[in-house]
Structures are given as C-alpha cells and as structure tokens.
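Notes for the one structure printed next.
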Amino acid sequence: MGYFSSLYSSELPHRARAVYMYLHDRADKDGKCYPAIGTIAKELKLSRSTVKRAIADLEKSGRLRKEQRWRENGGKSSNLYYLVQTDSG
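Sequential numbering from 1 applies to the sequence shown in my numbering.
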C-alpha cells in the first residue's frame, strides 16, 4: 500500500488519520510543518476541538511531536509539528 500502510492498519481514530495525512502533505523534507489549528480545521472541515484531539492522539501514538513556537514579543505562534517516521511507514 505504500507510505500510509501502518496508518491505515492502526487503531487511530479517523480524525487522527485525516490530520496526519494533512500534515504529511504540508511537511518539508525533514517532516516539519507549522499550520495553525484553525487552518487545519477549516481545510479539513473539522472543529478546532476535533483537530486538537487528533493531534493529541498522534502524539500519544508516537507519530507526531509538537513544539510551541513563540513570537519575538513573547506571544504564542503556531505549533511546529514533526512527523515521526514509524518502523513500518
């Protein structure tokens, strides 16, 4: 099946699978991307809460690492997401 084989066979909820594929599609060659929660929600037609739950699911499964980014003035910026390559995909 390819890259997503282990994702398809995982026990992750559909929301997490959709968000992972979205992030994978937007990640650079190092597996990093930083879309805002609102952007992900809008483009996938999900609520912000659902996207946050999906990200938590992905972090718990070890497929995603999240890092808070900060603006120069000390305010929060969008999160930086690192897609973690699993053994089988």
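Where a beta carbon is used, it is the ideal one built from N, C-alpha and C, also for glycine.
query                                                                                                                             : result
Three-state class that DSSP yields for R48 in the structure shown                                                                 : helix
With 16 other Cβ atoms within 10 Å as the buried cut-off, status of P35                                                           : buried
C-alpha distance - S88 paired with S5, whole-angstrom precision                                                                   : Bear in mind that the predicted position of S88 carries a pLDDT of just 47, short of 50, making it unreliable; the figure below should be weighed with that in mind. Approximately 8 angstroms, taken between the alpha carbons.
Opening and closing residue of the beta strand (DSSP E) in which L7 lies                                                          : Unbroken run through L7 is the alpha helix (DSSP H), 5-8; no beta strand (DSSP E).
Beta-carbon contacts of Q85 that lie in its chain and below 8 angstroms, excluding the five residues immediately before and after : G31
L7 versus G74 - alpha carbon distance                                                                                             : 36 angstroms
R53 versus Y81 - alpha carbon distance                                                                                            : 15 angstroms
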